[in-house]
Amino acid sequence: MICHWCGSEHAQPARRTGYWELPDGSRAIEINEMPSVHCVDCGMEYQEDAVIEEVEDQLMLIDTKNLASPVTFDELMAVPRFLKKNYFKL
1 MICHWCGSEH AQPARRTGYW ELPDGSRAIE INEMPSVHCV DCGMEYQEDA VIEEVEDQLM
61 LIDTKNLASP VTFDELMAVP RFLKKNYFKL
């Protein structure tokens, strides 16, 4: 795996905590055990674009009013959706 920040080939898959603002702006939530990348060389930890898109789509398509925080990534992705996909994306 290659680090997107420093280009090192020593990046590794990891599970880390991330913080997300809900689409309505009402609050932020803590998401634990998110699929992430950790670079041994530069120390950067980040989520890849596909994971970010997956989280943002899920938050757009679920009822976030009663969503717990913290929540694990797997718990978040298991919340039933109102729609099958995000029709708001161009």
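So in UniProt numbering, spot 20 of the sequence shown is number 20, and the numbers just go up one at a time. The beta-carbon is built from N, C-alpha and C at its ideal position, and this holds for glycine as well. Computed from a predicted model, the values in this text were never measured in an experiment.
Rounded straight-line distance, which links the Cα of residue j to that of residue i
| i | j | result |
| --- | --- | --- |
| I62 | F82 | 6 Å |
| M60 | P23 | 6 Å |
| E45 | K85 | 28 Å |
| A14 | F88 | 30 Å |
| K65 | T72 | 17 Å |
| Y19 | D74 | 15 Å |
| E9 | M34 | 21 Å |
| D57 | R16 | 19 Å |
Exposure label - residue i; buried when at least 16 CB within 10 Å
| i | result |
| --- | --- |
| C39 | buried |
| M1 | exposed |
| A68 | exposed |
| A50 | exposed |
Coarse secondary structure for residue i, derived from DSSP in three states
| i | result |
| --- | --- |
| I52 | helix |
| D63 | coil |
| M1 | coil |
Strand pairing of residue i, partner residues [DSSP]
| i | result |
| --- | --- |
| W20 | I29 |
| T72 | N32 |
| E45 | H38 |
| A11 | C39 |
Contact test: residue i Cβ vs the ligand NAD heavy atom, cutoff 8 Å
| i | result |
| --- | --- |
| E30 | This structure does not include the ligand NAD; it has no bound ligands of any sort. |
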